[in-house]
Structures are given as structure tokens and as C-alpha cells.
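Data block below; observations after.
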Amino acid sequence: MTSTTSIHSRRPLIYTIVSTSAPLEQSSPFSIAILPRGTNPFFTELIEAVSRFNPEEILIVNARPHHHIDTPLRQIWIRESLQAGELVNIVMEEAKTPFVFILWNDMIFNAEDVSHHLFLRLEERQDLCATPQLYNAHGVEIPSLSMPVFPPNDIFRVLRTSGQNVEEPKTFMPLDFCGVYNRARFLNLGGYDTSITTEYWQKVEFGLRAAMWGEKIVLNPSLSVSYADALPVDDESINASTSRFALKTLSVRMSKKGAYLPRTQLFWLWGEENWLTTFKEIRQWVTQNRFRFKSDAELVVDGWQSYQSNPIKH
């Protein structure tokens, strides 16, 4: 199990890795990871589709292919049920290539629309993540751009949009944790914060932290992914995860000495157990990373004003 320096407090995880190939040749900068969720009658086709791009390896979590493939393969077996962010963190730590394409096993990768040169362009751009254009099971386009807003009478929301007149528009977060991640940038950012236990707020915190630290996430329409079944539904309810997200991002203030978390932001934790311990922990985290913050949340949201076409609440 690979260990990396982390800026989040992560619980230890035990998992087993089964390799079905010889040592890697490091001939490709990309690997592809397939995460488990539900069932997909087209799972074999998914494996075959991604293998056509000659990735360095394919990582599969809690599953095995139904027949032999030539691409080097590693199976990661995890007994306990994990959040999506934890699964992505494990795969990103275990991958051995600079870029990792994260997919779910209930997705269909529309490989016929993609050129191998696409992956070379992604390598050149050095963005944190390139997210795909999503489609439902009937082939209908799903709004796949996301943007942050401060709506009236609400703390923070993410809107879904479509129809940008630029080749690779910036987007706020990977909508379903899916995309081509720059592994070094992902690990340097700290990955997904698994102490945030609601997957929706995991994604939102990741996206806002990335933007506040100067990272860029883009939508690449050439990456086309469809769902084999029903679309996943996010739980956007306000809960303890919301408070942790807010303290790590919305509450952070900027100064000449770097970012800081004011004591006045304690109100986010009123009524919660161990509120003082939690606040001290997050405040210490902000202090440790005070020079990594490039802007506050308000500046990030203001920078998205030009991306307000066709908003759909997410």
C-alpha cells in the first residue's frame, strides 16, 4: 500500500491488490481506473473500449474482467464500504502514471469519438482535471459544466450549465468524481477530504479548495461518457459535512500573512459534538496551508460570472 503526504487526517485503510501482468514498461503516461457502483451489462465492453487507448494499466476496484485482455491489469479489493472520495484517493495513490482517467463501472465510454491524441493534449495542458461530457442512458446530453454561486438566502450552491462557446471551458468540479486527473497535482492538493462524509460536499469542497489554491478544472467535450442506467442523485442537504466544507473554504480570510480562519466562524459548529476540537483542527489546517491559498471564496465565485449561461440547479 502506497503512502503519501496528506494534508487531511485520513483513517488507515486495508485493501488487497492483485496484479495480472508483468511489471509496467512506463510506455504510456495514462492509466484508467474503474470504480464499483451497481451493475453494468456493458462492463466487458467498457473494459475493451478503454483498453484500445493502450493505457499503461487498468485498475479495477472490487471486480474482475470476464475474459483476458492484453492491457496490464490490477485489481484492488476493498472489504469495507467506502465513500467515492476515498475510492478515488486510493486509486490515485496506487496508480503509477502521471495521469489517471477515473470512471464508474456503470458508465459507457464512447471510445469511437475519441482520438488517442486527446490524451496527449491533456498531458500538455497540465490542468488538475479534465472532466467529460456526460449523457444519460438514452444518449441525451446532460449539462456537464458546473459553476459556484452565492444564491440569496442560501450559503453556497453549484449550478449545472451547458453551451459554452469555448473549446475547453473551465468547470468547478468533477460532477461524478469522473475525469482525467493529473496525479501529481491531485496528491499535492490533498485529494478528496474523507472527513467530509457526504459525497456531494466532498466534491464541492474539492472544487472550491482547488480554485482557491489556483488549480484549474476543465470540461473536455471530446471525452464522452454515458450512463448505462439511472443517473446518480446527490444529497445536497445541509449537515455536518456542510459545516466542515464551509470552515475550510467559505470562512477562510486572506491577509498579508496568508490565509486564516477567524474565531468568529465558530458559529458553523454550534450544536455539534466536539465542536471546539473540530474548529481547532480545521483552524490548524488553514494555518499550515496559509500560503497555498491564492484567493478567498468570494473572489472565486466572482470569477465565474462569465459562465452563467443556462443555469440548472445541481
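Take the sequence shown: its letters are residues -18 to 295, numbered as in my numbering.
Think of the CB as a built atom: it goes at the ideal place given N, C-alpha and C, for glycine as much as any other residue.
Taking the straight line between their C-alpha atoms, what separation do you get for residue i and residue j?
i, j, result
"G171", "L109", "12 Å"
"E243", "Q114", "The amino acid occupying residue 243 in the given sequence is Pro; Glu does not appear at that position. Their backbone Cα atoms lie some 39 Å apart in a straight line."
"M73", "I123", "26 Å"
"T259", "E253", "9 Å"
"W58", "P133", "45 Å"
"L228", "W249", "7 Å"
"N21", "G188", "28 Å"
"E148", "L200", "9 Å"
"T78", "S207", "25 Å"
"L296", "R33", "Absent from the model: residue 296. The displayed extent of the chain is -18 to 295, so no value can be given."
"E38", "I13", "7 Å"
"R273", "E279", "17 Å"
"V267", "R60", "33 Å"
"F80", "H48", "26 Å"
"V282", "K237", "21 Å"
"I136", "S232", "11 Å"
"Q183", "I89", "24 Å"
"P292", "G284", "Its pLDDT being 42, under 50, P292 is placed unreliably in this model, and the coordinates cannot settle the point."
"R166", "N70", "12 Å"
"I177", "E105", "32 Å"
"E217", "A192", "20 Å"
"R141", "T112", "13 Å"
"S127", "V139", "6 Å"
"H98", "F131", "38 Å"
"W194", "P202", "25 Å"
"L(-6)", "Q269", "25 Å"
Pull the bridge partners of residue i from the DSSP assignment, please.
i, result
"Y241", "R234"
"I13", "I39, F82"
"A111", "V161, V199"
"K151", "V199"
Write down the C-beta distance between residue i and residue j rounded to the nearest angstrom, noting that I regard them as a contact closer than 8 Å.
i, j, result
"K151", "I198", "7 Å"
"F153", "F82", "That pair is no contact at about 20 Å."
"L156", "S125", "6 Å"
"T179", "S222", "4 Å"
"L84", "I41", "The Cβ separation is near 10 Å, so there is no contact."
"F226", "E186", "4 Å"
"N86", "A44", "6 Å"
Which one of the options has the shortest CA to CA distance from residue i?
i, options, result
"T245", "G239, L257, K238, K237", "L257"
"E196", "F226, S222, N163", "N163"
"Y116", "N91, Y173, F100", "N91"
"K211", "P202, N255, G120", "Looking at the sequence itself, residue 211 is Ala, so the reference to Lys does not match. A211 has its Cα closest to that of G120, out of P202, N255, G120."
"C159", "Q269, R18, S276, R273", "R18"
"A240", "S276, E262, S143, W251", "S276"
"T52", "A192, A30, L168", "A30"
"S8", "P36, I(-5), L(-6)", "P36"
"Q107", "F226, T142, V161, V214", "V161"
"T230", "R166, P129, D215, A65", "P129"
"F100", "V185, L204, Q183", "L204"
"G66", "Y181, A165, R45", "Y181"
"Y173", "L63, P46, Y(-4), I(-5)", "L63"
"E75", "W194, P46, Y(-4)", "Y(-4)"
"N235", "R271, R190, V214", "Residue 235 is actually Met in this sequence, not Asn. Out of R271, R190, V214, R271 has the C-alpha closest to the C-alpha of M235."
"S224", "Q56, P213, N255", "N255"
> Is the region -6 to 1 touching the region 12 to 27, taking contact as three or more C-beta pairs under 8 Å?
Replying inline: no
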